[in-house]
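In what follows, a structure is listed as structure tokens, so that the remarks can point back to it.
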Amino acid sequence: MASPAAASGLAVPFWRSAGMTYITYSNICARLVRNCLKEPHRSEALAREKVHFTVSKWGEGKPNKPTLRSDGAEA
2 MASPAAASGL AVPFWRSAGM TYITYSNICA RLVRNCLKEP HRSEALAREK
52 VHFTVSKWGE GKPNKPTLRS DGAEA
């Protein structure tokens, strides 16, 4: 049987009521699943979790030299 809140359409996902975005929630879930894996699968999955990207500041209508960043490096 559905709860009254769900029936009235006022149900809010718990991740939203906790103040998280869906991306943050899904990243937490993915990290928990990766940590539950047995070796060697765990270390392979944790290696895939790392993110590398470049940041280019723009000046005078042209990109300046790009900077390589990893996992949440501060600008």
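Its first residue numbered 2, the sequence shown is counted upward by one per residue in our numbering. Just so you know, even glycine gets a beta-carbon here, dropped at the ideal spot from N, CA and C. Treat the numbers as computed from the prediction; the structure is a model and nothing was measured.
Reduced DSSP secondary structure (H/G/I, E/B, other) of Asn65 = Three-state DSSP puts Asn65 in coil, outside helix and strand.
Spatial neighbours of Trp16 within its chain, please: CB distance less than 6 Å, with the 5 preceding and 5 following residues excluded, ordered by chain position.
-> Tyr26
In the DSSP assignment, what are the bridge partners of Arg70?
-> Phe54
In angstroms, rounded to a whole number, what distance separates the CA positions of Ser18 and Arg49?
-> 30 Å
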